[in-house]
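Notes for the one structure printed next.
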Amino acid sequence: MKEITPKTRLRRDLGRVGWGLLLFFLGTQLIPAFVMRLPWLRGHQALSYILGYICIYGISPLLLLLLIHRLPKGESPGLPLSPRALGRAMVFSLGMSSLANYVTLGIITLMETTGLTTGNPMEAQISSLPFWLNFLIAGVSAPICEELIFRKLLLDRLRPMGDRAAIWISGVAFGLFHMNLYQFFYATLLGLIFAGIVLKTGKLYHSILLHAGINISSLLLSQLAPLAEENPAVNGLIGMLGIGILACVGYSIHLFSRYYRTYRHDPPTLPFTTREVLLTLPKSVGVWVLVLASLAGSIAIIFLSV
911 MKEITPKTRL RRDLGRVGWG LLLFFLGTQL IPAFVMRLPW LRGHQALSYI
961 LGYICIYGIS PLLLLLLIHR LPKGESPGLP LSPRALGRAM VFSLGMSSLA
1011 NYVTLGIITL METTGLTTGN PMEAQISSLP FWLNFLIAGV SAPICEELIF
1061 RKLLLDRLRP MGDRAAIWIS GVAFGLFHMN LYQFFYATLL GLIFAGIVLK
1111 TGKLYHSILL HAGINISSLL LSQLAPLAEE NPAVNGLIGM LGIGILACVG
1161 YSIHLFSRYY RTYRHDPPTL PFTTREVLLT LPKSVGVWVL VLASLAGSIA
1211 IIFLSV
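Going by my numbering, the final residue of the sequence shown carries number 1216, and the count climbs one at a time with no gaps.
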């Protein structure tokens, strides 16, 4: 029997991650779509969305676990952040996600100047559901479940490949998971930040709190826009919040430029360098199929949401 070389094993492990994420992403799209179209759910929009999210966060992750559960796990250092450091991380996350949103708006505007018409699927969902359900999904269930999936289930298996590879792979996977251009850049950036924090602290509750804070702030801001049409005073509040967000962006850029080089990336525990791990990614069929399928799905969702 031919012996498997370490590089071949690495390529297979990365392929397992790619195929596992692809099955997970397909499950998050196809299983809820089937459930929400059951005849007995017609006319019960809130209930159909709740069951859909149970499928996304309860059933679909099992498909990912099925393919990656045998991969070796890394160990957590267990160094929690102080309350002050956690607050600084929240401001940093808010600022960087806002910066990514500005970049996204620029890209969308450029696309629309060419005659393309796009739609934001998140806006459609928020406007169609009651506030309490949006709050429950975005502020509670999504942060807990997504952090368990991406910063626990996935990141634990990527940790032996080194911090740099683990951060980039899990971050981009988190961006692709959102399946639309409006969320891809800021979700990817937040995925990189959350992964970096969890790798250094070993505390998942840090990323859960940060994730919940970002989602809740975005949800509250989305509720202010309709009120501005009825109450002019709200426009002043929105303007003040806009100035505050710009200040967060500036502060986050300052923090990044000051501390980026001091972040210590642990090397792979496997017999590879980080460069070898990253160069192996394009050689894994599962990774290629994952990226291409996710991009195709994201583009389709954008134009079908018009």
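Positions of the beta carbon are idealized from the N, C-alpha and C atoms, including for glycine.
Can you give the beta carbon distance from residue i to residue j, rounded, assuming they're within the 8 Å contact cut?
i, j, result
"Leu981", "Arg926", "7 Å"
"His1129", "Phe1045", "According to the sequence provided, residue 1129 is Leu. The question's His does not apply to it. About 6 Å; that satisfies the 8 Å criterion."
"Ser1003", "Leu1086", "With a Cβ gap of about 19 Å, Ser1003 and Leu1086 do not count as contacting."
"Gly1112", "Leu989", "7 Å"
"Gly928", "Ser1194", "6 Å"
"Cys1158", "Gly997", "Cys1158 to Gly997, Cβ: 12 Å. No contact."
"Phe1095", "Ala1010", "4 Å"
I'd like the span of the alpha helix (DSSP H) that includes residue i, first residue to last.
i, result
"Ala956", "Gln955 to Ile964"
"Asp1073", "Asp1073 to Phe1087"
"Met1006", "Pro993 to Thr1023"
"Thr1183", "Run containing Thr1183: none; DSSP gives neither H nor E here."
"Thr918", "Pro916 to Val945"
"Arg1067", "Leu1065 to Leu1068"
"Leu1218", "As shown, the chain starts at 911 and ends at 1216. That puts residue 1218 outside it, with no answer to give."
"Trp1042", "Phe1041 to Phe1045"
"Val1222", "Nothing in the structure corresponds to residue 1222, since the chain is present only between 911 and 1216."
"Lys1110", "Leu1091 to Thr1111"
What number of angstroms, rounded off, separates the C-alpha of residue i from the C-alpha of residue j?
i, j, result
"Ile1163", "Ile1047", "30 Å"
"Gly1160", "Ser1008", "10 Å"
"Gln939", "Ser1208", "11 Å"
"His1175", "Pro949", "52 Å"
"Leu1191", "Thr918", "12 Å"
"Ser1038", "Tyr1092", "18 Å"
"Leu976", "Pro1177", "27 Å"
"Thr1019", "Pro993", "39 Å"
"Ile914", "Gly984", "22 Å"
"Leu1015", "Gln1133", "19 Å"
"Leu961", "Arg1171", "44 Å"
"Tyr959", "Asn1090", "18 Å"
"Gln955", "Asn1145", "32 Å"
"Gly968", "Ile1017", "34 Å"
"Leu924", "Ile966", "23 Å"
Kindly list the residues whose CB is nearer than 7 Å to the CB of residue i, restricted to its own chain and excluding five residues on each side of it in sequence; keep chain order.
i, result
"Ser970", "Phe934, Gly937, Thr938 and Ile941"
"Asn1125", "Ala1048, Gly1049, Ala1052 and Pro1053"
"Ser1117", "Glu1057, Arg1061, Phe1104, Ile1107 and Val1108"
"Met1000", "Leu1120 and Gly1123"
"Val945", "Leu961, Gly962 and Cys965"
Got a sec? Which residues, its chain only, sit under 8 Å from residue i by beta carbon, not counting five neighbours each side?
i, result
"Met911", "Interpretation of Met911 is limited by its pLDDT of 47, a score under 50 that renders its predicted location unreliable; no figure is taken from the coordinates."
"Leu974", "Gly930, Leu931, Leu933, Phe934, Ile1059, Leu1063 and Leu1064"
"Pro1181", "Pro916"
Looking only at its chain, what residues have a beta carbon closer than 6 Å to the beta carbon of residue i, apart from the 5 residues adjacent to it on each side?
i, result
"Ile1059", "Pro971"
"Trp1198", "none"
"Thr1098", "Gly1081, Val1082 and Gly1085"
"Ile890", "No answer is possible for residue 890: it lies beyond the span of the chain, which begins at 911 and ends at 1216."
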